[in-house]
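Number of protein chains: 2
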Amino acid sequence: MIKIAEVKAQDLNTDKFIEEKVKEISSIVGDGEAINALSGGVDSSVVTMLGHKALGNRLKTYFIDNGIMREGEPKEIVDLFKKLGVHVEIINAQDEFFKALAGITDPEEKREAITQTFYKDVFGKLVRKSGAKYLLQGTILTDVDETTAGIKRQHNVFEQLGIDPQKTFGYKILEPLVQLRKDGVRKVAEAVDLPESIFNRMPFPGPALSARVIGEATPERIKIVRTATSIIEEELASTKAFQYMAILHQDKVTGMRDGEREFGSQIEIRCWDSIDARVAKPTRLSFDVMEKLANRMVTEVPGVVSVTYNITTKPPSTMEAI
Amino acid sequence: MIKIAEVKAQDLNTDKFIEEKVKEISSIVGDGEAINALSGGVDSSVVTMLGHKALGNRLKTYFIDNGIMREGEPKEIVDLFKKLGVHVEIINAQDEFFKALAGITDPEEKREAITQTFYKDVFGKLVRKSGAKYLLQGTILTDVDETTAGIKRQHNVFEQLGIDPQKTFGYKILEPLVQLRKDGVRKVAEAVDLPESIFNRMPFPGPALSARVIGEATPERIKIVRTATSIIEEELASTKAFQYMAILHQDKVTGMRDGEREFGSQIEIRCWDSIDARVAKPTRLSFDVMEKLANRMVTEVPGVVSVTYNITTKPPSTMEAI
Chain V
95 MIKIAEVKAQ DLNTDKFIEE KVKEISSIVG DGEAINALSG GVDSSVVTML
145 GHKALGNRLK TYFIDNGIMR EGEPKEIVDL FKKLGVHVEI INAQDEFFKA
195 LAGITDPEEK REAITQTFYK DVFGKLVRKS GAKYLLQGTI LTDVDETTAG
245 IKRQHNVFEQ LGIDPQKTFG YKILEPLVQL RKDGVRKVAE AVDLPESIFN
295 RMPFPGPALS ARVIGEATPE RIKIVRTATS IIEEELASTK AFQYMAILHQ
345 DKVTGMRDGE REFGSQIEIR CWDSIDARVA KPTRLSFDVM EKLANRMVTE
395 VPGVVSVTYN ITTKPPSTME AI
Chain U
95 MIKIAEVKAQ DLNTDKFIEE KVKEISSIVG DGEAINALSG GVDSSVVTML
145 GHKALGNRLK TYFIDNGIMR EGEPKEIVDL FKKLGVHVEI INAQDEFFKA
195 LAGITDPEEK REAITQTFYK DVFGKLVRKS GAKYLLQGTI LTDVDETTAG
245 IKRQHNVFEQ LGIDPQKTFG YKILEPLVQL RKDGVRKVAE AVDLPESIFN
295 RMPFPGPALS ARVIGEATPE RIKIVRTATS IIEEELASTK AFQYMAILHQ
345 DKVTGMRDGE REFGSQIEIR CWDSIDARVA KPTRLSFDVM EKLANRMVTE
395 VPGVVSVTYN ITTKPPSTME AI
């Protein structure tokens, strides 16, 4: 395991950091080509900007539409980067991901299926096609910590786990943000002129909406949780919460509609107050807000008869359910 | 289907009702013997008192300890009736019930397993042993309504479903409360000198704690939800809520303890404001109360890492989860 020297946000000179990282990327990649995947999260957005500054058109940036993104997300992100002068190509890989996810209910196996599909199938193909030998990636220090602690298997920390991506996947991974935590990345994001919608963007998991369904991530179940996610992001946008989410449970519960029994689904809402995601408390939403949310869920999301709000602290809860 | 003439609580003359029902029971049973099962709920408690008034020692009252009751419940109920001069015999049938419940996850099949075990195995045996040909039962009108509507299969409405209990189980069922709803039964309960802990007792489902676990009702899972139920009944006793409950989910969620990942259980809390259980709203508990509840759950209930509060209205939710 490589020991990484943390750079704390308060000690971070963003201009110097950007200059150093741009130089580093340039010198490693030389006159070759690099490739990266942009998810729209702050980490991959910053990496895209650093790579673009270092390599210009020799960085090929792809937005992988894995079918488990939020409503309208691919187009929004691509449009945003277009305004910044960065061309991003959307790759429709929905079928590959849903095929890999079919039948899987275990959260670890889900992550693994997404990782393998992403790196081996979809990215492997793109790399081979492009001839690029370098992959830029937005790994941050917290990803490394959580993976080595075994709390969650992040999808971008191969070297720390002793896996050689060059041998395994055929390319070298550059991780320019690995010394930073989220607050540091946000500072850099602002300094590279990313808009606030990116540098203050709410955390969203790597496995996207598949992390928001307990049990199998089928196209139908992803569609359900996508609708629930749109509702929650609309209703809770005005809160100052650190993160909020809707989770589709696998457990079925009894409901009734028009006097008849309906064995339906439950949506769990989580909304967290937190500074740095290490500890968190449930946001004290008003019951007016919670009842409106519940009412929209049972009215607008097909099959939902029950809605809960998570009232646990982290720890022992985690922010995400799986 | 038999058409039942409802007697509304406000039209109910309790003394006249008691006198009529006692006479009715006496005249049907004659000098024979009757048998009944007391769960400690207001319905079966009233039936026990009416039967005792009509038949004295010729009514044999049993408390079936099915292993899915709340902490200390069997002894509490038997002690309470002893003070009223009514002898109740506890029958330990835990093994029979858990054997019947093993491997069953579907709520309807769970109810059916409990019904069959109760009537055919445990009660059938007692009836054959006692020679009693009459079973007194606390069916109320709401049970009939919900069963015929198909919302929930209650365990005590055979005749309304066209099942002849004499042919099926070997005895005749008397249902002295079948014209009443819960509010009427409570009035009668008070009039037959039952204590407030009975006539204002919070509703509790027939399938007891097995209705409070989603998925299989194993001895271990019942023990978990029994502990959670004790906590909730302690913490919410001072609220004026109509009903509150803890539900153990089958879905597992990620948690962390001492910096390590723990894939654990979730407890859902429901607390309802309602007049007559036909419609209900979540009680607006304070976050202080909810966080204390959640904290006790994750500290005192083994394996629990997450706690939610249900924020849906009935309908489309039901009071119970399954």
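Protein chains in written order, with the working numbering: chain V, 95 to 416; chain U, 95 to 416. Beta carbons: idealized from backbone N, C-alpha and C, even for Gly. Since this is a predicted model, take the numbers as computed values, not measurements.
Report task. Report back the beta-carbon spacing between V/Leu271 and V/Thr233 to the nearest angstrom; my notes put them in contact at under 8 angstroms. Result -> The C-beta separation of V/Leu271 from V/Thr233 comes to about 7 angstroms, placing the pair in contact by the 8 angstroms criterion.
Query - Helix, strand or coil at U/Asn151 according to DSSP, with G and I counted as helix - result: helix
Requested in this report: Please go through the same chain and pick out, in chain order, the residues whose beta-carbon is closer than 7 angstroms to the beta-carbon of V/Ile346, but skip the five residues on each side of it.
Outcome: As written in the sequence, residue 346 of chain V is Lys, which differs from the Ile given in the question. Phe357, Gly358, Ser359, listed in sequence order.
Query - Reference V/Pro299, options V/Gly166, V/Ser133, V/Leu229, V/Gln210, closest by Cα - result: V/Ser133
Query - For V/Asp370 and V/His249, the rounded distance between their alpha carbons - result: Because the pLDDT of V/His249 is 49, which lies under 50, any placement of that residue in the model is unreliable, and the question is left without a value.
Query raised in the report: Of all the options U/Ala194, U/Tyr228, U/Gly135, which has the alpha carbon lying nearest to the alpha carbon of U/Ser121?
Result: Comparing Cα positions, the closest option is U/Tyr228.
Requested in this report: Return the chain-ordered list of same chain residues with a C-beta closer than 7 angstroms to the C-beta of U/Pro201, the five sequence neighbours on each side being excluded.
Outcome: Ile416, listed in sequence order.
Query - Where U/Asn160 sits in the DSSP three-state scheme - result: coil
Report task. Look at the alpha carbon of V/Leu153 and the alpha carbon of V/Leu220, and state the distance between them as a whole number of angstroms. Result -> About 13 angstroms.
Query - DSSP three-state assignment for V/Val123, whether helix, strand or coil - result: helix
Query raised in the report: Who are the Cβ neighbours of V/Ile185 in its own chain at under 8 angstroms, not counting the five residues just before and after it?
Result: Tyr156, Phe157, Ile158, Asp159, Val216, Leu220
Query - Supposed close pair V/Ser411, U/Ser400 - CB separation, criterion 8 angstroms - result: That belief holds up - the Cβ atoms of V/Ser411 and U/Ser400 are roughly 5 angstroms apart, short of 8 angstroms.
Query raised in the report: So with Cβ pairs under 9 angstroms, would you call V/Glu414 a contact of chain U?
Result: Contact of V/Glu414 with chain U is assigned, a C-beta pair being separated by under 9 angstroms.
Query raised in the report: Straight-line CA distance for U/Val172 to U/Arg275?
Result: 25 angstroms
**Report entry** chain A within 9 angstroms of U/Val319, Cβ atoms only
**Finding:** Protein chains V and U are contained in the structure displayed, whereas chain A is not.
Requested in this report: Following the continuous alpha helix (DSSP H) through V/Ser291, name the residue where it begins and the one where it ends.
Outcome: 290 to 293
Report task. Kindly indicate which three-state DSSP category U/Tyr265 falls into: helix, strand or coil? Result -> Collapsing the DSSP output to three states places U/Tyr265 in coil.
**Report entry** Rounded straight-line distance, which links the Cα of U/Leu230 to that of U/Asn130
**Finding:** 5 angstroms
**Report entry** Exposed unless 16 or more other CB atoms sit within 10 angstroms - verdict on V/Ala99
**Finding:** V/Ala99 is classed as exposed because its beta carbon has fewer than 16 other beta carbons within 10 Å across all chains shown.
Query - Under 8 angstroms (Cβ pairs) to chain U, residues found in the segment 393 to 414 of chain V - result: Going along the segment 393 to 414 of chain V in chain order, one finds Val399, Ser400, Val401, Thr402, Tyr403, Asn404, Ile405, Thr406, Thr407, Lys408, Pro409, Pro410, Ser411, Thr412, Glu414 with a Cβ nearer than 8 angstroms to chain U.
**Report entry** Extent of the continuous beta strand (DSSP E) run through V/Asp287
**Finding:** Counting along the chain, V/Asp287 sits inside no beta strand (DSSP E), nor does DSSP assign it H or E at all.
Query raised in the report: Is the number of C-beta pairs between the segment 143 to 152 of chain V and the segment 110 to 124 of chain V that are closer than 8 angstroms three or more?
Result: yes
Report task. Pick out whichever of V/Leu342, V/Glu190, V/Thr333 has its Cα sitting closest to the Cα of V/Trp366. Result -> V/Thr333
Query raised in the report: Along chain V, which residues have their Cβ under 9 angstroms away from the Cβ of U/Asp105?
Result: Here the premise fails: no neighbours, minimum Cβ distance about 25 angstroms.
Query - U/Glu310 (DSSP reduced to helix, strand or coil) - result: coil
Query raised in the report: What span of residues does the beta strand (DSSP E) with U/Ser411 cover, start to end?
Result: Careful: U/Ser411 lies outside any beta strand (DSSP E) and carries neither H nor E.
Requested in this report: Could you list which residues in chain U have their beta carbon closer than 8 angstroms to that of V/Phe381, in chain order?
Outcome: Per Cβ cutoff of 8 angstroms: Pro376, Arg378, Ile405.
Query raised in the report: Distance, Cα to Cα, U/Ala196 vs U/Ile162?
Result: Going from the Cα of U/Ala196 to the Cα of U/Ile162 covers about 13 angstroms.
Query raised in the report: Under a three-way DSSP split, which group does U/Asn389 fall into?
Result: helix
Report task. Kindly list, in the order they appear in chain V, the residues whose Cβ is closer than 7 angstroms to that of U/Met384. Result -> Ile405
Query raised in the report: So what does V/Glu183 bridge to, in DSSP terms?
Result: V/Tyr156
**Report entry** Any chain V beta carbon closer than 9 angstroms to U/His249
**Finding:** Its pLDDT being 48, under 50, U/His249 is placed unreliably by the model, and the measurement read from it follows with that caveat. Not closer than 9 angstroms to any Cβ of chain V, the Cβ of U/His249 fails to qualify, so no.
**Report entry** Residues that U/Gly349 contacts on chain V, provided the C-beta gap is smaller than 9 angstroms
**Finding:** Thr406, Lys408, Pro409, Pro410, Ser411, Thr412
Query raised in the report: Can you round the beta-carbon distance between U/Pro301 and U/Ile361 to whole angstroms, since I take them to be within the 8 angstroms contact cut?
Result: Not really, about 18 angstroms apart at Cβ, beyond 8 angstroms.
Report task. Reducing DSSP to helix, strand and coil, say where U/Lys346 ends up. Result -> strand
Query raised in the report: Of the choices V/Ile405, V/Gln273, V/Tyr265, whose alpha-carbon is the least far from that of V/Lys97?
Result: V/Gln273
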